[in-house]
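Counted the way this note's numbering counts, the sequence shown spans residues 2 to 147.
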Amino acid sequence: VLAAVGFGAAAATVAERLAAQPRVAALRDRVERALLAAGEVSPSLRDDPRVATVSHVAVHGCDGAELVASFDLEGVALSSRAACSSGRAEPSESLLRLFADAPWRASAALRVSLGPETDEGDVARFERVAPEVIARVRGAQRRTKR
2 VLAAVGFGAA
12 AATVAERLAA
22 QPRVAALRDR
32 VERALLAAGE
42 VSPSLRDDPR
52 VATVSHVAVH
62 GCDGAELVAS
72 FDLEGVALSS
82 RAACSSGRAE
92 PSESLLRLFA
102 DAPWRASAAL
112 RVSLGPETDE
122 GDVARFERVA
132 PEVIARVRGA
142 QRRTKR
């Protein structure tokens, strides 16, 4: 009974969540522009049909886990792994297969998830901190490779 009630509550929000998708897609596009402005960022499957709620990129010269930790210090929560491989330290198998010709992308991955709850302020904050965070992580990783 409890599961049926929960399913009913979730189903009741479907129309509202679907109606929000164009707004969420516009926010996702702003997130991607901020990431691209940081330079040396490769969007994944950007020209293919995709959901409005996820942006996935590979950030050249950065370890995804380092990026996640640095963004977390700025109050921004994201992921460096595919959702199906969260909690693992090694690169996602699905990303390694998807980018078999460029396996570095799996280690340099950054996944930003948005939803109807994401607002302009969230994205504005991301736009402010993203270039700084990426530059800081990239610089630190270059120094450790010397």
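Note that the Cβ used here is the ideal one computed from N, Cα and C, for glycine as well.
Could you check the C-alpha separation between Ser43 and Gly9 for me, to the nearest Å?
The straight-line gap from Cα to Cα measures roughly 40 Å.
Near Phe72, what residues of its chain come up, given a Cβ to Cβ distance below 6 Å and the 5 sequence neighbours on each side ignored?
Result list for Phe72: Leu79 and Val134, in chain order.
Between the Cα of Val52 and those of Leu97, Val25 and Phe127, spot the shortest distance and give me the residue it belongs to.
Val25
Sub-8 Å separation of Ala27 and Gly65 beta-carbons
One thing to note: Ala27 has its Cβ no nearer than 8 Å to the Cβ of Gly65.
Does DSSP classify Val55 as helix, strand or coil?
strand
Pick out whichever of Val6, Ala141, Gln142 and Phe100 has its Cα sitting closest to the Cα of Ala59.
Phe100
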